[in-house]
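Final position of the sequence shown in the numbering used here is 652; the numbers increase by one with none missing. C-beta atoms are modelled at their ideal positions from N, C-alpha and C, and glycine is treated no differently. Bear in mind the structure is a predicted one, so any value in this text is a computation, not a measurement.
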Amino acid sequence: MKVLVANNYYYLRGGCERVMFNDIQAMSAHGVEIVPFSAADPENDPTPYSSYFVPGADIRATSALGRVEAAVDAIHCGRTAQAFDKLLSETKPDLVHCHNVYGRLSTSILAVAKKRRIPTVLTVHDYKVVCPAYVALKNGKPCSACIDGGYYRCAVNRCHKGQLAASVVYSIEAYWARLTGNYGAVSAFLCPSHFIAGLLQQSGIDEKRVVYHANCVEPDDYAPSYEGQYVLSVGRLSHEKGLPTFLESMLGTGIPVRVAGTGPLEASLKEMAAKDGGPIVLEGHCGGERLAELYRNAAFVIVPSEWYENAPMSILESFAYGKPVIGTRIGGIPELITEGENGYLVDPGAKDQLRAAILKLWNDPDAQRAMGRNARRLVETKFAQSSRTTSLLNIYESVCNSGSRAAYPADLLVHSN
Numbered sequence: 236m237k238v239l240v241a242n243n244y245y246y247l248r249g250g251c252e253r254v255m256f257n258d259i260q261a262m263s264a265h266g267v268e269i270v271p272f273s274a275a276d277p278e279n280d281p282t283p284y285s286s287y288f289v290p291g292a293d294i295r296a297t298s299a300l301g302r303v304e305a306a307v308d309a310i311h312c313g314r315t316a317q318a319f320d321k322l323l324s325e326t327k328p329d330l331v332h333c334h335n336v337y338g339r340l341s342t343s344i345l346a347v348a349k350k351r352r353i354p355t356v357l358t359v360h361d362y363k364v365v366c367p368a369y370v371a372l373k374n375g376k377p378c379s380a381c382i383d384g385g386y387y388r389c390a391v392n393r394c395h396k397g398q399l400a401a402s403v404v405y406s407i408e409a410y411w412a413r414l415t416g417n418y419g420a421v422s423a424f425l426c427p428s429h430f431i432a433g434l435l436q437q438s439g440i441d442e443k444r445v446v447y448h449a450n451c452v453e454p455d456d457y458a459p460s461y462e463g464q465y466v467l468s469v470g471r472l473s474h475e476k477g478l479p480t481f482l483e484s485m486l487g488t489g490i491p492v493r494v495a496g497t498g499p500l501e502a503s504l505k506e507m508a509a510k511d512g513g514p515i516v517l518e519g520h521c522g523g524e525r526l527a528e529l530y531r532n533a534a535f536v537i538v539p540s541e542w543y544e545n546a547p548m549s550i551l552e553s554f555a556y557g558k559p560v561i562g563t564r565i566g567g568i569p570e571l572i573t574e575g576e577n578g579y580l581v582d583p584g585a586k587d588q589l590r591a592a593i594l595k596l597w598n599d600p601d602a603q604r605a606m607g608r609n610a611r612r613l614v615e616t617k618f619a620q621s622s623r624t625t626s627l628l629n630i631y632e633s634v635c636n637s638g639s640r641a642a643y644p645a646d647l648l649v650h651s652n
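What follows is the structure, given as structure tokens:
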């Protein structure tokens, strides 16, 4: 089987790319021939197919004209569609697997695959299919207002970073994708959580096209450790990730804290940490062996998100390292954490609950070890890459053999409410 894998970036940029490259490696090991397609970028990994990569929408444009061109390309990038069509013509894949293609490659490539009648699946890493601004947030709070297809709300509420122009572009992009039937090319939407699968179904996508397909890790790549010296948080330093709530809950406890990541709140969080006299340390961006070391030496991990997390890889990686996780009851997080078995759950934004759960687990090393072993066992039995690979191969075969090309429901193309 030959599979064309499309994504905005072809280098390890974030969780989406980590999942994609893990799949590519696993598929290749099972004899699947992989053909990558991405926007041109100097950081891309080398590939024999890089000559087909053309510049996508210029998300870094600063001039007025450049921003207009970038906006048009984000909605429909003609040069990307042309390059993609050429690659399909010359490589003749059996199936197209899209990851994050919105905004840079654009959904124009879906239309090309649809025209050529090539089966297509799309992994739903974020909320773009139901939220023009990707993150399902309004004024920093969880929001699902656009799930009915009323994408104008994104512009009215300036949902993208409070910017009217960008929010208008995102609204138009969302309408364009549906009005043109681009999503009609997708035979299966692969959802890493039952939560996001439910949102897609609520938006009107036929449940037969919505497939639960869990994120996974390769257990052998993680050496577990059931002892630890501090509490760890890993991720972007932003409001919706709940870092202010987490650090406020830790002030005065005397419990050592390590935070790995960067983001817009870095300066203010450093000020907060400085007031506590040293137990809270912001490590900045960490990767590779440094991040692995932070995981291994942690007693447990905190995921204090205050937005609809989909299926955080940080939780699976924590479990793989044998670390319990204290997370919030929101999005797909509760699907991974079982109360008292591999961690604890608290309400998002509930500082006192979070503090109590942290103190409870910190003061019970036996529970830390027991929960850590349960967490590791869960990864080995349910969230191992081998299980995901088998599932993905079955999905590929099913989609290729079905020959179905379900169109997007006509009554959901435009809503006026």
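Quick one, which of the options has its alpha-carbon nearest residue i's?
{"i": "P532", "options": "T355, Q464, L414, V404", "result": "According to the sequence provided, residue 532 is Asn. The question's Pro does not apply to it. Of the listed residues, the one whose Cα sits closest to N532 is Q464."}
{"i": "I593", "options": "M485, A610, A508", "result": "M485"}
{"i": "Q317", "options": "S341, P328, H332, H334", "result": "S341"}
{"i": "P283", "options": "G291, P290, F272", "result": "F272"}
{"i": "P459", "options": "A495, C635, G557", "result": "G557"}
{"i": "E570", "options": "A555, G584, D587, I550", "result": "I550"}
{"i": "C381", "options": "S285, Y244, V270, Y405", "result": "Y405"}
{"i": "D258", "options": "H332, D276, P514, D383", "result": "H332"}
{"i": "Y337", "options": "G301, N243, M255, F430", "result": "N243"}
{"i": "A432", "options": "A423, C394, V445, E552", "result": "V445"}
{"i": "T488", "options": "E501, A508, G496", "result": "A508"}
{"i": "D601", "options": "P559, L628, L247", "result": "P559"}
{"i": "P281", "options": "L247, V303, G291", "result": "L247"}
{"i": "I490", "options": "L467, R471, L472, A502", "result": "L467"}
{"i": "A585", "options": "L482, G313, A619, K505", "result": "L482"}
{"i": "D276", "options": "A292, H520, L627, R623", "result": "A292"}
{"i": "G313", "options": "H520, R339, D587", "result": "R339"}
{"i": "W411", "options": "V307, V452, Q436", "result": "V307"}
Just confirm the distance between the C-beta atoms of residue i and residue j, as a whole number of angstroms; I'd bet it's less than 8 Å.
{"i": "Y287", "j": "L322", "result": "4 Å"}
{"i": "L425", "j": "V359", "result": "7 Å"}
{"i": "N577", "j": "M606", "result": "5 Å"}
{"i": "L517", "j": "V494", "result": "5 Å"}
{"i": "V538", "j": "T573", "result": "Their Cβ separation, rounded to whole angstroms, is 14 Å, which puts V538 and T573 out of contact at 8 Å."}
{"i": "G498", "j": "S540", "result": "Their Cβ separation, rounded to whole angstroms, is 13 Å, which puts G498 and S540 out of contact at 8 Å."}
{"i": "V603", "j": "F535", "result": "The sequence given here has Gln at residue 603, not Val. That belief holds up - the Cβ atoms of Q603 and F535 are roughly 6 Å apart, short of 8 Å."}
{"i": "L372", "j": "P354", "result": "The Cβ separation is near 33 Å, so there is no contact."}
{"i": "R471", "j": "G496", "result": "6 Å"}
{"i": "V469", "j": "L345", "result": "The pair is not a contact, with the Cβ atoms about 33 Å apart (cut-off 8 Å)."}
{"i": "V356", "j": "A423", "result": "4 Å"}
{"i": "E615", "j": "P454", "result": "5 Å"}
{"i": "H334", "j": "M262", "result": "That belief does not hold up - the Cβ atoms of H334 and M262 are roughly 13 Å apart, past 8 Å."}
{"i": "Y328", "j": "Y543", "result": "For the sequence presented, residue 328 should be read as Pro rather than Tyr. Rounded, the Cβ-Cβ distance is 33 Å, inconsistent with contact."}
{"i": "I269", "j": "V238", "result": "6 Å"}
According to DSSP, is residue i helix, strand or coil?
{"i": "A405", "result": "In the sequence under discussion, the amino acid at residue 405 is Tyr, which differs from the Ala named in the question. If DSSP states are grouped into helix, strand and coil, Y405 belongs with the helices."}
{"i": "R564", "result": "coil"}
{"i": "V536", "result": "strand"}
{"i": "C426", "result": "strand"}
{"i": "I515", "result": "strand"}
{"i": "V492", "result": "strand"}
{"i": "A274", "result": "coil"}
{"i": "A292", "result": "coil"}
{"i": "N279", "result": "coil"}
{"i": "Y631", "result": "helix"}
{"i": "S343", "result": "helix"}
{"i": "Q260", "result": "helix"}
{"i": "D284", "result": "Correcting the residue type first, residue 284 is Tyr in the shown sequence and not Asp. Three-state result, Y284: coil."}
{"i": "S626", "result": "helix"}
{"i": "E252", "result": "helix"}
{"i": "Q603", "result": "helix"}
{"i": "C389", "result": "helix"}
{"i": "Y410", "result": "helix"}
{"i": "K321", "result": "helix"}
{"i": "V663", "result": "Nothing in the structure corresponds to residue 663, since the chain is present only between 236 and 652."}
{"i": "D383", "result": "helix"}
{"i": "K363", "result": "coil"}
{"i": "Y245", "result": "coil"}
{"i": "T326", "result": "helix"}
{"i": "V433", "result": "The question names Val, but residue 433 is Gly in the sequence shown. Of the three classes helix, strand and coil, the one that applies to G433 here is helix, per DSSP."}
{"i": "G523", "result": "helix"}
{"i": "L199", "result": "The requested residue 199 is not part of the displayed model; the chain covers only 236 to 652."}
Mind checking who residue i pairs with in its DSSP beta bridge?
{"i": "T355", "result": "V331, V421"}
{"i": "I269", "result": "V238"}
{"i": "P377", "result": "L372"}
{"i": "A508", "result": "Beta-bridge pairing links A508 to no other residue."}
{"i": "A316", "result": "DSSP, once it has assigned bridges, lists no residue as partnering A316."}
{"i": "A306", "result": "The partner list for A306 (beta bridge, DSSP) is empty, contrary to what the question assumes."}
{"i": "A619", "result": "V452"}
Report yes or no: is there a C-beta of chain C within less than 8 Å of the C-beta of residue i?
{"i": "G419", "result": "Judged by its chain identifiers, the structure shown contains no chain C, having just a single protein chain."}
Closer than 7 Å: is that where the CB of residue i sits relative to any heavy atom of the ligand MN?
{"i": "R471", "result": "This structure lacks the ligand MN; in fact it carries no ligand of any kind."}
Which runs of the beta strand (DSSP E) fall wholly inside the region 437-483 and span at least 3 residues, in chain order?
Given a length threshold of 3 residues, each whole run of the beta strand (DSSP E) inside the region 437-483 is given here in chain order: 445-447, 465-469.
Threshold first: 3 residues or longer. Then list the beta strand (DSSP E) segments lying entirely within the region 539-596, N to C.
Taking 3 residues as the minimum length, the beta strand (DSSP E) runs contained wholly in the region 539-596 are 560-563, 578-581, in order along the chain.
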